[in-house]
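J.:
Protein chains: 2
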Amino acid sequence: MTDKRNIYLKMKTLEEAKNILFEAFPDFDQLLAENIDVADAVNRVLSEPVYAKMSSPNYHAAAMDGIAVAAELTFGAAETNPTILVVGKDAHYINTGHVMLENTNAVIMIENINVPDEQQQDEEQVEIIAPTFPWQNVRRMGEDIVATELVFPTNHKITPYSLGALISAGVFQVNVRKKPHVFIQPTGSELVDHRQLAQDGLIPGQVLDSNSHMLGKLVDACGGYYYKNKIVKDKFELIAKPIKDAAAGDYDMIFISGGSSAGSKDFTRQIISELGEVLIHGVTMMPGKPVIVGKINEKPIFGIPGYPVSAIIAFEQLVRPLINQMLHQPDIPDHEIEVTPTKKIPSKLGLEEFLRVKLGNVGGRIVATPLPRGAGCITSFTEADGIIRIPNHIEGIAENKPTFATLLRPLPEIKNTIVAVGSHDNTMDVLADLLRTKSSRVSLSSSHVGSMGGLMAIKKGLTHIAGTHLLNPDDGSYNISYIQKYLPDTQVKLVHLVQREQGLIVAKNNPKNIKNIEDINRKEVSFINRQSGSGTRVLLDFKLSQMGLNPVDINGYLNEEFTHMAVAVAVLSGTADAGLGIYAAAKALNLDFIPVVTESYDLVIPANVFDTKNIALLLEIIKSTEFKSRVKQLGGYHTKNTGKIIWSS
Amino acid sequence: MTDKRNIYLKMKTLEEAKNILFEAFPDFDQLLAENIDVADAVNRVLSEPVYAKMSSPNYHAAAMDGIAVAAELTFGAAETNPTILVVGKDAHYINTGHVMLENTNAVIMIENINVPDEQQQDEEQVEIIAPTFPWQNVRRMGEDIVATELVFPTNHKITPYSLGALISAGVFQVNVRKKPHVFIQPTGSELVDHRQLAQDGLIPGQVLDSNSHMLGKLVDACGGYYYKNKIVKDKFELIAKPIKDAAAGDYDMIFISGGSSAGSKDFTRQIISELGEVLIHGVTMMPGKPVIVGKINEKPIFGIPGYPVSAIIAFEQLVRPLINQMLHQPDIPDHEIEVTPTKKIPSKLGLEEFLRVKLGNVGGRIVATPLPRGAGCITSFTEADGIIRIPNHIEGIAENKPTFATLLRPLPEIKNTIVAVGSHDNTMDVLADLLRTKSSRVSLSSSHVGSMGGLMAIKKGLTHIAGTHLLNPDDGSYNISYIQKYLPDTQVKLVHLVQREQGLIVAKNNPKNIKNIEDINRKEVSFINRQSGSGTRVLLDFKLSQMGLNPVDINGYLNEEFTHMAVAVAVLSGTADAGLGIYAAAKALNLDFIPVVTESYDLVIPANVFDTKNIALLLEIIKSTEFKSRVKQLGGYHTKNTGKIIWSS
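Respectively, the protein sequence lines represent chains A and B. Under our numbering, the residues of the first sequence are numbered 51 to 699, in order. Under our numbering, the residues of the second sequence are numbered 51 to 699, in order.
#1: Taking only beta-carbon atoms, is phenylalanine 431(B) less than 7 Å away from chain A?
#2: Can you list, in chain order, the stretches of the alpha helix (DSSP H) that have 4 or more residues and sit fully within the stretch 239-325 of chain B?
#3: Express the C-alpha separation of isoleucine 330(A) and leucine 268(A) in angstroms, rounding to a whole number.
#4: Starting from the beta carbon of cysteine 272(B), find every residue of chain A whose beta carbon is closer than 8 Å, and list them in chain order.
#5: Mind pulling the chain A residues with CB within less than 7 Å of asparagine 145(B)?
#6: Run through chain B and tell me which residues come within less than 7 Å of leucine 268(A), C-beta to C-beta.
#7: Would you verify that the beta carbon of serine 674(A) is, or is not, closer than 7 Å to some beta carbon of chain B?
#8: State the DSSP-derived secondary structure class of isoleucine 70(A), mapped to helix, strand or coil.
#9: Under 7 Å, Cβ to Cβ, is there at least one residue of chain D near leucine 252(B)?
#10: In angstroms, rounded to a whole number, what distance separates the CA positions of lysine 573(A) and arginine 370(A)?
#11: Does the beta-carbon of asparagine 131(B) have 16 or more other beta-carbons within 10 angstroms, so that it is buried, or is it exposed?
#12: Residues of chain B with CB under 7 Å from proline 99(A), in chain order?
#13: Comparing C-alpha positions only, which one of Gly410(A), Val341(A), Ser397(A), Phe365(A) sits nearest to proline 460(A)?
#14: Is there at least one Cβ from chain B nearer than 7 Å to arginine 486(A)'s Cβ?
#15: Identify which residue in Ile570(B), Gly526(B), Val548(B) has its Cα closest to the Cα of glycine 517(B).
#16: For the beta strand (DSSP E) that contains threonine 133(A), what are its first and last residues?
#17: Closer than 7 Å, CB to CB, is valine 26(A) near chain B or not?
#18: Roughly how many angstroms separate the alpha carbons of leucine 481(A) and aspartate 475(A), rounded to a whole number?
#19: Any chance you could list the alpha helix (DSSP H) runs of at least 4 consecutive residues sitting entirely within the stretch 428-514 of chain A, in chain order?
#20: Determine whether the Cβ of alanine 12(A) lies closer than 7 Å to any Cβ atom of chain B.
#21: Please name the residue, chosen from Asn93(A), Val359(A), Gln235(A), Cys427(A), that lies closest to cysteine 272(A) on a Cα-to-Cα basis.
#22: Sort Ala620(A), Thr613(A), Lys543(A) by Cα distance to serine 576(A) and report the nearest one.
#23: Kindly confirm or deny that the stretch 510-526 of chain B and the stretch 648-657 of chain B touch, where touching means at least three C-beta pairs closer than 8 Å.
#24: What do you reckon, are the CB atoms on threonine 63(A) and threonine 334(A) nearer than 7 Å?
#25: Give a yes or no on whether the C-beta atoms belonging to serine 97(A) and alanine 83(A) are separated by under 7 Å.
#26: Compare the C-alpha of glycine 503(A) against each of Val588(A), Lys637(A), Pro99(A) and name the closest.
#27: In chain A, what lies closer than 8 Å to histidine 206(B) by C-beta?
#28: Residues of chain B with CB under 8 Å from tyrosine 109(A), in chain order?
#29: I'd like to know whether the C-beta of leucine 544(B) is nearer than 7 Å to at least one C-beta of chain A.
#30: To which residues of the same chain is serine 239(B) closer than 7 Å at the C-beta, ignoring the five residues directly before and after it?
#31: Find the nearest neighbour of proline 76(B) within the set His514(B), Phe677(B), Asn374(B), Gly526(B), judged by alpha-carbon distance.
#32: Just how far apart, CA to CA, sit tyrosine 633(B) and valine 343(A)?
#33: How is phenylalanine 592(A) classed by DSSP in three states: helix, strand or coil?
#34: Indicate whether serine 307(A) and serine 262(A) have their beta-carbon atoms separated by less than 7 Å.
#35: Helix, strand or coil for glycine 517(B)? Go by DSSP, reduced to three states.
#36: How about alanine 312(B) and valine 341(B): do their beta carbons lie closer than 7 Å?
Written as structure tokens, this is what we have:
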């Protein structure tokens, strides 16, 4: 084995990396222009200034329907002293947009013309009772655009509105910068194209190639276009060949997707250094650290890390700015707003972290709940509303200390998001879907921190609603005693959502023959637990103490998951033999289920948000037949009192 | 003639109009779904919730390159007490992404493994000096996505990032809402398609059809697609036929572009009421008042006004919200910021006005300079940075009174705009173009209010620079005496831009044989003047008084234009025989020019903005050979001292 410790070049900070990048590719005037019809030019960038070829209007035009006159003829007109004009001689009927006749310089609106009852036989007359002034109701030639004047400067990006100005200015063809053409090479022996997947699906070790599709569409979105080559395996020659050809061909930029790290099957760096030059390997950012920037035949080549979030960050932080520069477009900084983190966020000194967060407008401030930080979690990006950039010189951000987040969704949408922090339940997904179906305005964003975490979030004003199912062992009641104890100073209402079945989730056909809670105490049974503070953990601990069992004796008691589904997956994948969770999770993954208890899952809603429009809509949906019937399809739920306010403080 | 006074239906406010619209077309579930490959689904809208078909990862996968072990074997490892593992038995080399072997549950990074120098002959060994814990460096099955969980709800709009999550979740085909299909019928006997224009160009009375192109691209941009029919003339049957066919055909929406007003050639309303029902004719907004909304075969049909800005406002205010509703997308309100108008903005009671404004960040506030208000001026939209909506219950906005504007460009771009308010000169266009060529970051935005207007804008802190060419008749100097008089309390620097030739602009071949300023006093010569406060006006008035001529005797003295180019157009179009202006304007329109004076055109720059990065860039460009050579090509300019600071206060 070779020593892999010093495999990266000296790592660069993101700022250093950008400087190296822009120094290596200072300007892209090899990006030639092409001449296209103006009607096809929306979103394209002018490669030269555009001057008007015609004036607009191109002639003096009537701006109203009426009669065209020489204004001077009307100067004396008054109600008591009407001016009579002879049609065809002094006055000429004219419609909006028509050419003004010679010797006329004003239009009198049709509404302001009287037609006298008695007419001379040989001529038609009209009567004017107010003067007009020169050029009134006339669009003069060049009023909007004067021929030869600049319509748009070089590097203007053409909008649909621009089309109107260009065509009016007689500009029918425009020279625009060619779109940067990107060659994308997906690599990885494990990768499979979803369009070529065999009928029986993935086998363990195979991974669907999603990054190259995502990267291609990101290229599209910033004004380039791409060719995606077929997947190649992790072999030097197999990757080097298409890269060499692409670098010699008609491309402006190359991506090698995957293999950018320092593993024994990572060839990107070696290939770039043999075919050209490696400029950067490793940037002190997270995710995205193993990114590579190189140059082959004067063309930029990027080694894009294989983890999806790393790929996104590498693209957004290095590729997009370069494409913008190629197209001479401003690299607009993201829209940043002040947010309050819902918990302490530790971070590593020396690494700039791009932390994905959910955002919500609670109690007049925007609160930020961190999402999973792993680079492999694409959902941490698709569920994110914003990103908190934690600079590399600090060690984290304190809870409740305002900081900044860049937005991934428009602020008005974020402000219309109902924030749910608390226990996890599958019916929350149904609620989220029905909300988006019923209203294009409102959405639901759930974070899973367990029932107690939900109550704490309510207490701290960090959430609109909290799902909770906390059993009071003394009387078998749910939630109310906990609210009384932990939220003595907060006015809340408790809305019943569902009764649900909790039990042991075990593998299909129950191979370890587990019959009840006592059986998880058996030595050969491995258990997967829920985090402390979750209602399910409270339930487990209560049951164990009821039976006089010692948690320490349970094999796996210390292994925690945060959701019912994660517990079910642990069982499905053989990580554990049993876990406590809801029936719906077992059913979803086709696992066996041993019922333990039927419990109440309720929503805690602070009184000061209860009467808002969004919560009203949520409650309406909760009470709907559609919600109840979709919940029943999940299995293990009862909806008898769903939507009832069962308690108020 | 029929009486046209009551031709509109009772006009609606915009709010009423929207209510009528959404009541008439409450929901569009006739917009069917289609099933497409996920890789083609970016920007499309899900018509149903999407649940994960696979977990991601789909197996327990190594998250690092290293060795896979059972964590339990390493629990005692320490620097002083290394654990020795046998490769192939206790430890297995593994690369990132690979399947974890049975009975292993952690990966030790390759960097943390020592290979002892002395090896047993029959087995390879590795040495571990720190314990690992279960599932360290392992991506567990379902860590990102659990099969059966909701990936995206109904009505989610798919982004490039979403692709990553969908493919990873095993979702390869998605059901998305069909794009709304819009039929666009351009109407107007005067209209010409730019692609069918004869070699010799437009004849007076012909107008290029730009609206239907613009409308089509606006439909594209909000997620629909369009068919643009060929232009038809203003004849009832010619328009009615394709509309009837479209309403019976496979379209979701119809536009009749043009003919929505109440003129004798406006047929839109009549056609809609014969084929279906007119719901709205006339909205109390400006521009856009004559918009029509109707219904044929349950499909929405819009009569879109013919003036381009009216067309845009009608689209943005009524059509876009409806398309958004069809696609169940939120109609995000525009981004609004506080701005300070640079002058009083009167407006009509009872009309909601959409006033286009230029915006700039001057002295720590965003100042708003109104653009021309005519609905025919498409450039008032393409040059606008924002829109001030003046509600219909107020009569205007006072100067300096903060109000709100919605943004048409991103705020960071607006903040990087150099604001120029002052005299008009054609070299400002060259500057604007070179700025955009040299920097994708900075742009120049000019408003033409004359030299005195420019000085006043400096005084009030409304502009970064002001072009000025004010002659001091006493000593023949330019600008300095005016600055001393009008800006006694403002520290400024005066930068010389160009010397330029001012003179009389007259028709080609000078048919009225005008030789000098005295000749404009002749009765048969009509003159076009510049507005008072402009340097050119100051020059004229000085010349007239030198010669003892009385302004009242000059035919056309009261007709004012705001730019040199507008004066030149007035001459070109025969509106006037002569006007005072710069050589470049005469040359641009191929007119004759009689030199009167060579004058200094300078830039006034307040000291507190002089040292900013953007002004430094501007000055660098002004001093460049490229700027000077492009200015010389315009004709009538001298650049000997261009860029010199000629005076400071």
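Note that CB positions come from ideal geometry on N, CA and C, so glycine has one too.
T.: Here's the rundown:
#1: yes
#2: 261-271, 286-298, 318-325
#3: 22 Å
#4: What cysteine 272(B) touches in chain A: nothing, since even the nearest Cβ is about 10 Å away.
#5: Gly313, Ser314, Lys315
#6: Pro210
#7: no
#8: helix
#9: No chain D is part of this structure, whose protein chains are labelled A and B.
#10: 55 Å
#11: exposed
#12: Asp483
#13: Gly410(A)
#14: yes
#15: Val548(B)
#16: 133-136
#17: Residue 26(A) lies beyond the stretch modelled for chain A, which goes from 51 to 699, so this question has no answer here.
#18: 10 Å
#19: 429-432, 461-465, 477-488, 500-509
#20: This structure cannot speak to residue 12(A), because chain A is shown only from 51 to 699.
#21: Asn93(A)
#22: Ala620(A)
#23: yes
#24: yes
#25: yes
#26: Val588(A)
#27: Arg486
#28: Pro254, Gly255, Ser623
#29: no
#30: Lys283, Asp284
#31: Asn374(B)
#32: 52 Å
#33: helix
#34: yes
#35: strand
#36: no
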